[in-house]
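Have a look at the structure below before the remarks.
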Ligand SMILES: *Cc1c(COP(=O)(O)O)cnc(C)c1O
């Protein structure tokens, strides 16, 4: 193992301990799934993480994700797309993504469904898991993206009604400057409302490096952890 791999192993183990402690403190039987967010870090780091047993990785830009996924195809990783996505990138994203966690508007759901028709013909891939990104900002949420809570139901129906897409649940980023507990409590309520008509949409993707404990407390099924494992991101150049 090289020095970087040892560093990743150490940080991964610290994050896993936090998840275990938070799960126990919340009185939950099962730990949420860990998605390691590898954006801005090289494919070599993803390879080191795979050697440490990581299977699920998150990326937020198609150009970067598609290149990494192609160069690491032999590792059998599951790629989760977690960033703002333009509809014209749908065709590219469905070539490698296991899930898109940032579905925030019907046009994007339509573009993904259309791209999935082609992808299924080409390679018979499994349905694309779609999570609805919900904005938890009070002020219309333009900062961190996502659908307004009032639009979730309609978007859910459109995803659930599309061949090739599987409605998996909801995703959110806690707003800056607010208590993450309040945000994740609100997200839990939105998830419960969604499950009334879509009982299989159980996923709650919440919690990042800074707020994973709060997310676990409020029922997160998936955590998206980047900087506490990989270190701070290099400046965008
Ligand atoms: C970058 C990112 C993360 C990871 O955040 P860290 O603070 O680095 O753990 C999680 N979710 C989304 C949507 C992101 O863009």
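In the numbering used here, the protein residues as written are 2 to 238.
Just so it is clear, CB atoms sit at the ideal spot from N, CA and C, and this is done for glycine as well.
Item	Value
In terms of residues, what are the limits of the beta strand (DSSP E) holding residue 82?	79 to 82
Which residues end up in the neighbourhood of ligand 1 when you take C-beta atoms closer than 5 Å to any of its heavy atoms?	38, 61, 83, 209, 210, 225, 226, 227 and 228
Label residue 159 either buried or exposed according to how many other C-beta atoms from any shown protein chain fall within 10 Å of its C-beta, with 16 as the threshold for buried.	buried
Identify the residues that DSSP records as bridge partners of residue 34: which are they?	223
For residue 80, which residues in the same chain have their Cβ closer than 7 Å to its Cβ, ignoring the five residues on either side in sequence?	58, 60, 66, 70, 97, 98 and 99
Is the beta carbon of residue 130 less than 9 Å from the beta carbon of residue 167?	yes
Give me, in chain order, the residues of the same chain whose beta-carbon lies closer than 8 Å to that of residue 13; leave out the 5 immediate sequence neighbours on both sides.	37, 50, 53, 55 and 230
Would you say residue 75 and residue 105 are within 9 Å of each other, going by their C-beta atoms?	no
If you follow the beta strand (DSSP E) that residue 133 is in, where does it begin and where does it stop?	129 to 134
What did DSSP end up calling residue 194 once you bin it into helix, strand or coil?	helix
Within this structure, are the beta carbons of residue 227 and residue 40 separated by less than 9 Å?	yes
Quick check on the burial criterion: 16 or more other C-beta atoms within 10 angstroms. Buried or exposed for residue 218?	buried
At 4 residues or longer, what runs of the alpha helix (DSSP H) sit wholly inside the region 97 to 132?	107 to 124
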